[in-house]
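Here is the structure we will look at, set down as structure tokens.
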Amino acid sequence: NRKGVALLAVVATLKLATMAAAGGKPAVLLLRPVDAPFAAALRDRFRVLDLYAPGQALPALAFVAAAAAVPEPPRATVIWGGVRVDASFLDAAPSLRCVVSTAAGLDHIDLAECARRGVAVANSGEVYSTDVADYAVGLLLDVLRRVSASERYVRRGSWAAQGDYPLGSKLGGKRVGIIGLGNIGSRIAKRLEAFGCIIHYNSRKPKDSVSYKYFPNVHELAAESDVLVVACALNKATRHIVNKDVLEALGKDGVVVNIGRGANIDEAELVIALREGKIAGAGLDVFEHEPKVPAELFSMENVVLSRHVAVLTEESRSDLRAHTIGNLEAFFSGQPLLTPVHADSLAQ
Numbered sequence: 025n026r027k028g029v030a031l032l033a034v035v036a037t038l039k040l041a042t043m044a045a046a047g048g049k050p051a052v053l054l055l056r057p058v059d060a061p062f063a064a065a066l067r068d069r070f071r072v073l074d075l076y077a078p079g080q081a082l083p084a085l086a087f088v089a090a091a092a093a094v095p096e097p098p099r100a101t102v103i104w105g106g107v108r109v110d111a112s113f114l115d116a117a118p119s120l121r122c123v124v125s126t127a128a129g130l131d132h133i134d135l136a137e138c139a140r141r142g143v144a145v146a147n148s149g150e151v152y153s154t155d156v157a158d159y160a161v162g163l164l165l166d167v168l169r170r171v172s173a174s175e176r177y178v179r180r181g182s183w184a185a186q187g188d189y190p191l192g193s194k195l196g197g198k199r200v201g202i203i204g205l206g207n208i209g210s211r212i213a214k215r216l217e218a219f220g221c222i223i224h225y226n227s228r229k230p231k232d233s234v235s236y237k238y239f240p241n242v243h244e245l246a247a248e249s250d251v252l253v254v255a256c257a258l259n260k261a262t263r264h265i266v267n268k269d270v271l272e273a274l275g276k277d278g279v280v281v282n283i284g285r286g287a288n289i290d291e292a293e294l295v296i297a298l299r300e301g302k303i304a305g306a307g308l309d310v311f312e313h314e315p316k317v318p319a320e321l322f323s324m325e326n327v328v329l330s331r332h333v334a335v336l337t338e339e340s341r342s343d344l345r346a347h348t349i350g351n352l353e354a355f356f357s358g359q360p361l362l363t364p365v366h367a368d369s370l371a372q
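Heads up: take any position in the sequence shown, counting from 1, add 24, and you land on my numbering.
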């Protein structure tokens with residue numbers, strides 16, 4: 025009930041005030057779960073007001089408001105993709121002047137609103153880029169060569185009972201269209217070049233630094249590609265950038281790999297295209313309504329699924345910890361952020 029929630033808020037505020045009064049360190053609002061080394065590294069340097077602390081029972085926005093009520097409220101916060109930073113969030117925490125996101129994508133942050141209020145924003149920069157590029161190539165190899173599907177075939181005992189598994193397709197020589205040739209897309213292109221692939225791309229404008237063929241729209245790119253790799257940011261222009269028409273242009277032998285954001289693809293149309301054989305397969309690390317995944321995909325042997333983990337390795341986790349702390353230390357010392365992002369950063 026309301027009285028219970030109000031009491032929790034008062035208790036939480038008192039606890040946060042006690043935490044904020046200790047140590048003489050700058051306060052940081054922590055709004056994402058972290059592992060023990062990450063938590064320890066933050067607490068060595070900052071007074072951490074932790075949404076996920078044991079015994080903390082407030083919803084996120086109420087916790088943010090409680091943190092804002094302490095005598096020396098936090099001026100910086102660490103968030104992840106599950107936290108929406110918008111006007112309501114910033115209203116609840118008027119003391120905040122820096123948002124450090126541990127995500128590479130920025131679709132969860134209203135950058136224009138942050139800029140209007142003088143709130144600096146940083147993201148993970150290139151921390152994940154190498155690992156995501158590796159993972160994209162892995163997904164593509166898996167789909168084309170049917171690695172996961174044939175592994176399941178062996179485990180079921182079907183090899184002995186039914187004979188050889190159907191052949192896959194080689195990666196070398198494939199025409200790969202990359203949507204979004206940024207930090208990650210460029211690394212994917214270099215890796216696939218080493219396999220002998222022919223690289224095409226689509227982005228807001230041509231890149232002078234590359235010799236790959238540029239396509240001004242994704243439909244034309246798909247029509248000239250055997251594979252589409254989605255590596256762009258999610259914004260108004262790129263939501264459902266891979267739609268029914270694009271999938272039909274890719275064709276029945278085409279493959280889609282998505283390591284961008286789930287909503288970059290019209291998921292309902294993707295399911296139909298796979299079910300009806302309008303494309304040959306897909307490798308998907310992200311989904312439109314995570315953690316929900318369309319049930320039809322589970323039974324499709326030509327689809328490889330993973331749970332939004334392309335960014336995660338032991339090394340990237342360690343790098344992220346150092347990078348996040350580096351951004352916070354830069355902010356509190358009045359230095360430029362390591363990886364600042366601005367209102368135009370959501371452009372493809």
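Built from N, CA and C at the ideal position, the CB exists for glycine as well.
Bear in mind the structure is a predicted one, so any value in this text is a computation, not a measurement.
query                                                                                                                                                                                                 : result
Using a Cβ-based criterion (distance less than 8 angstroms to any ligand heavy atom), does SER235 qualify as near the ligand FAD?                                                                     : What this structure holds is no ligand at all, so the ligand FAD is not there to describe.
Threshold first: 4 residues or longer. Then list the alpha helix (DSSP H) segments lying entirely within the stretch 250-318, N to C.                                                                 : 268-274, 291-299
Which residue wins for smallest C-alpha separation from GLY192, given the options SER112, GLU325, ALA84, ALA60?                                                                                       : GLU325
Thinking C-alpha only, which one of LEU135, GLY129, GLY106, ALA90 is nearest ALA117?                                                                                                                  : ALA90
Please go through the same chain and pick out, in chain order, the residues whose beta-carbon is closer than 7 angstroms to the beta-carbon of ALA127, but skip the five residues on each side of it. : TRP104, GLY105, ASN147, SER148
Assuming ASN458 and VAL254 are in contact, meaning their beta carbons sit under 8 angstroms apart, how far apart are those beta carbons, in whole angstroms?                                          : A query on residue 458 cannot be resolved here, the shown segment of the chain reaching from 25 to 372 and no further.
Secondary structure at LEU361, three-state DSSP: helix, strand or coil?                                                                                                                               : coil
Grab the span of the alpha helix (DSSP H) containing ILE212 for me, first residue to last.                                                                                                            : 207-218
Look at the alpha carbon of LEU85 and the alpha carbon of PHE113, and state the distance between them as a whole number of angstroms.                                                                 : 7 angstroms
Do the CB positions of PRO318 and VAL333 come within less than 9 angstroms of each other?                                                                                                             : no
Just the Cα atoms here: how many angstroms apart are ALA247 and ASN288?                                                                                                                               : 18 angstroms
I need the DSSP call for TYR177, collapsed to helix, strand or coil.                                                                                                                                  : helix
Restricting to runs no shorter than 4 residues, where is the alpha helix (DSSP H) found entirely within the stretch 75-102?                                                                           : 84-92
Using beta-carbon positions only, say whether LEU245 and ILE203 come within less than 9 angstroms of one another.                                                                                     : yes
How many angstroms separate the CA atom of SER342 from the CA atom of GLY197?                                                                                                                         : 36 angstroms
Is the beta carbon of VAL107 closer than 9 angstroms to that of LEU55?                                                                                                                                : yes
Tell whether a beta-carbon distance below 9 angstroms holds between VAL52 and PRO98.                                                                                                                  : yes
Any idea which residues DSSP pairs SER125 with across the strands?                                                                                                                                    : ILE103
Can you find the residues in the same chain that come closer than 6 angstroms, C-beta to C-beta, to LYS194, ignoring five residues on each side of it along the sequence?                             : none
Can you grab the Cα-Cα spacing for the pair ARG180 / ASP74, in whole Å?                                                                                                                               : 46 angstroms
What's the gap between the Cα of ALA371 and the Cα of ALA92?                                                                                                                                          : Model confidence at ALA371 stands at a pLDDT of 48, short of 50, so the residue's coordinates are unreliable and nothing is read from them.
Per DSSP, HIS224 is paired with what?                                                                                                                                                                 : GLY201, LYS237
Give every residue of the same chain whose Cβ lies closer than 8 angstroms to the Cβ of ALA144, excluding the five residues on either side of it in the sequence, and list them in chain order.       : ARG121, CYS122, VAL123, CYS138, PHE355, LEU361, PRO364
According to DSSP, what are the bridge partners of ILE349?                                                                                                                                            : Looking at the DSSP assignment, ILE349 forms no beta bridge with any residue, so it has no partner.
Tell me, to the nearest whole angstrom, how far the beta carbon of ILE212 is from that of VAL161; I am working on the premise that it is less than 8 angstroms.                                       : 7 angstroms
Work out the CA separation of GLN80 and VAL58 for me, nearest whole Å.                                                                                                                                : 15 angstroms
Measure the alpha-carbon distance for PRO50 versus VAL94 and round it to whole angstroms.                                                                                                             : 13 angstroms
Under three-state DSSP, which class holds PHE355?                                                                                                                                                     : helix
Out of curiosity, what's the CA-to-CA distance linking ALA273 and ILE223?                                                                                                                             : 17 angstroms
Between VAL102 and THR348, how many whole angstroms is the CB-CB distance? I'm expecting something under 8 angstroms.                                                                                 : 6 angstroms
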